[in-house]
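Below is one structure, written out as structure tokens, with a few remarks after it.
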Amino acid sequence: MSAPVITAKSLDLTFQTNDGPVHALKDVSLDIAKGEFVSFIGPSGCGKTTFLRCIAGLEQPTGGAISVNGMTPDEARKARAYGYVFQAAGLYPWRTIGGNIRLPLEIMGFDKSDQSKRVNRVLELVDLAGFEKKYPWQLSGGMQQRASIARALAFDADILLMDEPFGALDEIVRDHLNEQLLELWARTEKTIGFVTHSIPEAVYLSTKIVVMSPRPGRITDVIDSPLPRERPLDIRDTPEFIEIAHRVRDGLRAGHVDD
Amino acid sequence: MKGKVLPVLTVVLAIIVLWYAAVVPMNVKEVLTQAERAGAEVVPPSAADRRDASRWALIFANTSHLGDSWSMERARLPAPHQVVQELWVSTWEEEVNGRRGIVQSGSLSNRSLVYHAGITLSATVLGFAMGAVAGVLLAIGIVYSRVMDRSVMPWAIISQTIPIVALAPMIIVVLYSVGLSGVVAKAVISAYLSFFPVVVGMVKGFRSPDAMQLDLMQTYSASKAQSFWKLRLPASVPYLFASLKIGIAASLVGAIVGELPVQRGGLGARMLGGSYYGQTEQIWAALFAAALMAAALVWLIGWLERRTLTAMGVPQ
Chain A
1 MSAPVITAKS
11 LDLTFQTNDG
21 PVHALKDVSL
31 DIAKGEFVSF
41 IGPSGCGKTT
51 FLRCIAGLEQ
61 PTGGAISVNG
71 MTPDEARKAR
81 AYGYVFQAAG
91 LYPWRTIGGN
101 IRLPLEIMGF
111 DKSDQSKRVN
121 RVLELVDLAG
131 FEKKYPWQLS
141 GGMQQRASIA
151 RALAFDADIL
161 LMDEPFGALD
171 EIVRDHLNEQ
181 LLELWARTEK
191 TIGFVTHSIP
201 EAVYLSTKIV
211 VMSPRPGRIT
221 DVIDSPLPRE
231 RPLDIRDTPE
241 FIEIAHRVRD
251 GLRAGHVDD
Chain B
1001 MKGKVLPVLT
1011 VVLAIIVLWY
1021 AAVVPMNVKE
1031 VLTQAERAGA
1041 EVVPPSAADR
1051 RDASRWALIF
1061 ANTSHLGDSW
1071 SMERARLPAP
1081 HQVVQELWVS
1091 TWEEEVNGRR
1101 GIVQSGSLSN
1111 RSLVYHAGIT
1121 LSATVLGFAM
1131 GAVAGVLLAI
1141 GIVYSRVMDR
1151 SVMPWAIISQ
1161 TIPIVALAPM
1171 IIVVLYSVGL
1181 SGVVAKAVIS
1191 AYLSFFPVVV
1201 GMVKGFRSPD
1211 AMQLDLMQTY
1221 SASKAQSFWK
1231 LRLPASVPYL
1241 FASLKIGIAA
1251 SLVGAIVGEL
1261 PVQRGGLGAR
1271 MLGGSYYGQT
1281 EQIWAALFAA
1291 ALMAAALVWL
1301 IGWLERRTLT
1311 AMGVPQ
């Protein structure tokens, strides 16, 4: 396995709130290697989103060290190391799908002809070719979320950080998008950090599953998945899959006993 | 649109009926005085007694002498058709057939409402432009500067609690002493009234993007200017038009109030002039002209809003 692209060492983050300090993260250490698909799973308040935001430099840890591509998260962000996908698609309603994907490219100063090429390429990647001129309201929720993934892919970041991107979608759409995401991951060889609270989703997608628990937010188990990279949807009925799902569930339960 | 016509017409009709009815008690004393001079016998015959009598009692005692209620000159309350006629005479008749009108003299008559409405309109539009620009700039300052956020807003609110009628003459005097008069002075009063809704609306508009959208900008390492032009400004457009609609109406009020102390033309001057000489029809006609102008200006902003939002991809 190659050198880790994301390294966290005894990461701590405490929010000061009116009700006193909240330990969002306590002593979190984790290495993520290039090309891995890492899921963070746990009940709400376990710090999975906070950890993802620390990687992105959207939160500043109060202790410990974190590096992305050997840089601080802020430097890595400026070097366009990652694309971030939020729970809601968050497309700008006044921009077309193409215009939304062009947004980061405009901000980062790509030239016009390059912008168009990239827009076409990523629309192709998320299976939305031909929707460039449509406005967000003309697309379904699943298509909007795909467009937001295309937006995160447009500037060729090696790391894709996704914060419950399919959480608001129904199960059928979600299955379909999971399948597409795996396909996309295989084609682009990105490193993906993926926050979810669905056990099947985490097991189906990941090469590594990080189980977290709340108060304080911490890692309780890290599972390296033995499943092959090539995963049809019916892999979810195999004994291996069910065994991993069991282990995740046990990890989540163990976290709760500590309360 | 079609669904609105009937209810609107019903309300208008109700107002007109009510107005015609109100004309009788409002004018009854003058009507009876006029009838008495013409030789009719009214009850009570003494003018002093009539002055102290109730309007309703006079109406019921003199039902046969009320015919002139709707055609009084300088009526306390002129009837709707008298106002409409005054509107017609002081616009079309004055300009097309009058000696001073644009057809015969080549320039607008200073006795016509068209001329006065034009004066008011120029101050309204200039003041509105000044107020809108000032409002947007202040809102940008409030959103981006903590100091301005804390210091400007309370003053903006206080500025709107001072009665503009009291403040307008002082503004005119102060501006005159520094060499500003005429349309600019009136426009300043308009701007004073119209910047406020724009500030309030635009602060809300610039702050309308949620935390996620701002985070997204941060993941792109966008500069403050970039997130302003690409996120905050486009997100604020619906708020902008809502506040511009209020702003332009306030601006018209400001221009009219600014014309009261100056008396150099305009609908405000026309209203005050009418009240000096008891020309109630003239006051009402000027009032209606102002209302029509306000409606037209608000409609124009609404039209611009629809055009802009359509261009921004909002489904209509």
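As given, the protein sequences belong to chains A and B, one line each in that order. Here the first sequence stands for residues 1 to 259, where the numbers follow the working numbering. Here the second sequence stands for residues 1001 to 1316, where the numbers follow the working numbering. Where is the CB? At the ideal position from N, CA and C, for every residue including glycine.
The Cβ atoms of glycine 1101(B) and serine 1090(B) do not sit closer than 8 Å to each other.
The beta-carbon distance between isoleucine 1142(B) and methionine 1153(B), rounded to whole angstroms, is 6 Å. This is short enough to meet the 8 Å contact definition. Cβ atoms of leucine 153(A) and glycine 99(A) stay farther apart than 8 Å, at about 16 Å. In this structure, the beta-carbon distance from phenylalanine 1241(B) to isoleucine 1172(B) does not fall below 8 Å.
Flagged as an interface residue toward chain A: leucine 1216(B), by a C-beta distance shorter than 8 Å. Counting only runs that start and end inside the stretch 121-194 of chain A, the beta strand (DSSP E) elements of at least 3 residues fall at 159-163. Not one beta carbon of chain A lies nearer than 8 Å to the beta carbon of glycine 1201(B). Just measuring C-alpha positions, the residue of Arg80(A), Arg146(A), Asp111(A) and Ile192(A) sitting nearest leucine 52(A) is Ile192(A). A contact between stretches requires three or more CB pairs, one per stretch, nearer than 8 Å, and the stretch 1116-1132 of chain B meets this requirement with the stretch 1250-1268 of chain B.
When Cβ-Cβ separations below 8 Å define contact, tyrosine 135(A) makes contact with chain B. Along the stretch 90-120 of chain A, going in chain order, the ones with a CB nearer than 8 Å to a CB of chain B are Gly90, Tyr92, Pro93, Trp94, Arg95, Thr96, Leu103, Pro104, Glu106, Ile107 and Met108. Boundaries of the beta strand (DSSP E) around phenylalanine 40(A): 37-41.
Counting along the chain, serine 29(A) sits inside no alpha helix (DSSP H); it lies in the beta strand (DSSP E) bounded by residues 20-33. Between isoleucine 199(A) and arginine 249(A), the gap from beta carbon to beta carbon is short of 8 Å.
Its chain contains Asp175 and Glu179 as the residues whose beta carbon lies nearer than 7 Å to that of leucine 233(A), once the 5 sequence neighbours on both sides are disregarded; these appear in chain order. Here the C-alpha atom of tyrosine 92(A) lies approximately 51 Å from the C-alpha atom of leucine 1272(B). Looking at the backbone, the Cα of glutamate 201(A) and that of phenylalanine 241(A) are separated by about 11 Å. Within chain B, the residues Asp1215, Gln1218 and Thr1219 have their CB atoms less than 8 Å from the CB of leucine 58(A), given in chain order. Contact of alanine 88(A) with chain B is assigned, a C-beta pair being separated by under 8 Å. Three or more beta-carbon pairs separated by less than 8 Å link the stretch 1186-1200 of chain B to the stretch 1251-1264 of chain B, which places the two stretches in contact. As summarised for the stretch 192-251 of chain A, the continuous alpha helix (DSSP H) elements at least 4 residues long and confined to that stretch are 199-205, given in chain order. Put simply, of Trp1303(B), Gln1034(B) and Ala1289(B) the residue whose alpha carbon is nearest the alpha carbon of tyrosine 1115(B) is Ala1289(B). Bridge pairing for glutamine 16(A): Pro21(A) [DSSP]. Distance from the Cα of leucine 1304(B) is smallest, within the candidate group Val1262(B), Gly1278(B) and Leu1244(B), for Leu1244(B). Of the residues Arg121(A), Leu161(A) and Leu252(A), the one whose Cα lies closest to the Cα of proline 73(A) is Leu161(A). Against chain B, the CB of lysine 48(A) has no partner CB under 8 Å away; the residue lies outside that interface. DSSP, reduced to helix, strand and coil, places leucine 58(A) outside both helices and strands of the structure shown, so it counts as coil.
Ala1132(B) is the residue among Ser1227(B), Ala1132(B), Thr1219(B) and Val1200(B) whose C-alpha sits nearest the C-alpha of serine 1190(B). With a 10 Å radius around the Cβ and a threshold of 16 neighbouring Cβ atoms, phenylalanine 15(A) comes out exposed. At a beta-carbon threshold of 9 Å, none of the residues of chain A lie near proline 1238(B); the nearest stands roughly 10 Å away. Beta-carbon to beta-carbon, glutamate 1086(B) and arginine 1111(B) are separated by about 12 Å, too far to satisfy the 8 Å threshold. DSSP places glycine 1039(B) outside both helix and strand once states are collapsed to three, so it counts as coil.
Here the alpha carbons of glycine 1003(B) and threonine 1010(B) stand approximately 12 Å from one another. In the three-state reduction of the DSSP assignment, methionine 71(A) falls in the strand class.
When 7 Å is used as the limit between beta carbons, arginine 77(A) is near these residues of chain B: Thr1219 and Ser1221, in chain order. The straight-line gap separating the alpha-carbon atoms of leucine 128(A) and glutamine 145(A) is approximately 11 Å.
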